[in-house]
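Residue numbers (the numbering used here): 1 to 245.
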């Protein structure tokens, strides 16, 4: 009996710690955002955390394109309730009409194009203070720990998640991100015997997950939500290694 009580105490303490780190009120359950239930399996308690920063590392141009598509698929779930999002960049890599492929309307995205990273960081912080947004996406190559900590404190008040795409960063440093992703493209999925361009597919490498082990898997977009690739259709592709500094 005493052993059982101790186990319950440990379980409750773990839940409290996870709640303080973004895995409670802003973590999604399958019945809340079914489009993201598959991704949630990689995180503690099978909750996709939203009370913080998700960092995407893109070392090559094709990785940037793959990451943008993947982020669009996530936004597709978060924006179903109708709230807009903000996309910040200095040299926009996104082609807005292509967002419709992920059931997104470009007119629900506020695009802000700026000249310098200093301006982008300031606008990102201000945007994250807007509580009525679904999410804020920013294409910012470099992000220091102190900068990420500042953004995290803002998110804890507004409850608006940030998705930061780091295109070819000079160094992979420590940040306060909830998860660090590396997305690479896979051959698109075509119906048997059909020509043309099929549904996008990705190799997902979660390099860092707060309170969990790194994870890798392959997924595709079926036009409505994420799905695991069938074993016979999976394509192995080496992940470029990142050097932390």
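We treat Cβ as the ideally placed atom computed from N, Cα and C, and that holds for glycine. Please read all numbers here as calculations on a predicted model, not as lab measurements.
Among residues of its own chain, excluding the 5 on either side of residue i, which ones have a beta-carbon nearer than 8 angstroms to its beta-carbon?
i	result
residue 126	none
residue 80	33 and 35
residue 92	111, 113 and 139
Thinking just about the alpha-carbon of each residue, which of the options is nearest to the one in residue i?
i	options	result
residue 210	67, 73, 49 and 39	49
residue 65	215, 182, 218 and 213	182
residue 198	146, 223 and 89	223
residue 184	173, 157, 216 and 112	216
residue 123	103, 86 and 37	86
residue 84	179, 128 and 214	128
residue 88	41, 136, 102 and 144	136
residue 101	119, 76 and 190	76
Please state whether the Cβ-Cβ distance between residue i and residue j is less than 8 angstroms.
i	j	result
residue 160	residue 131	yes
residue 134	residue 116	no
residue 94	residue 68	yes
residue 43	residue 212	yes
residue 177	residue 53	yes
Using only the heavy atoms of the ligand MG, determine whether one of them is closer than 7 angstroms to the beta carbon of residue i.
i	result
residue 211	Summarising the ligand content, the structure contains no ligands, and the ligand MG is consequently not present.
Can you list, in chain order, the residues of its chain with a C-beta nearer than 7 angstroms to that of residue i? Leave out the 5 residues immediately preceding and following it.
i	result
residue 229	201, 218, 219 and 220
residue 156	51
Straight-line CA distance for residue i to residue j?
i	j	result
residue 226	residue 204	12 angstroms
residue 163	residue 63	15 angstroms
residue 255	residue 111	The displayed coordinates of the chain run from 1 to 245. Any statement about residue 255 would go beyond what the structure contains.
residue 153	residue 121	14 angstroms
residue 147	residue 174	11 angstroms
residue 208	residue 108	30 angstroms
residue 143	residue 190	38 angstroms
residue 158	residue 51	9 angstroms
residue 72	residue 82	15 angstroms
residue 47	residue 40	5 angstroms
residue 26	residue 187	With a pLDDT of 47 at residue 26, under the threshold of 50, the modelled position of this residue cannot be trusted; read the value that follows with caution. Their Cα atoms are separated by approximately 33 angstroms.
residue 38	residue 214	16 angstroms
residue 119	residue 78	26 angstroms
CB-CB under 6 angstroms to residue i, same chain, minus the five flanking residues each way: which ones, in chain order?
i	result
residue 141	166, 167 and 169
residue 106	96 and 99
residue 149	176
residue 180	55, 207 and 208
residue 145	174 and 175
Compare the C-beta of residue i with all C-beta atoms of chain C and state if any pair is closer than 8 angstroms.
i	result
residue 36	Going by chain labels, chain C is absent from the structure shown, which holds only one protein chain.
Checklist entry - Along the chain, which unbroken stretches of the beta strand (DSSP E) at least 3 residues long are found entirely within the stretch 106-149? => result 109-113 and 135-139
Next on the checklist: List, from N- to C-terminal side, the beta strand (DSSP E) runs of 3 residues or more that fit wholly inside the stretch 31-85.
Outcome noted: 53-58
Checklist entry - Could you give the uninterrupted runs of the beta strand (DSSP E) lying entirely in the stretch 175-222, keeping only those of 3 residues or more? => result 179-189, 199-209 and 215-221
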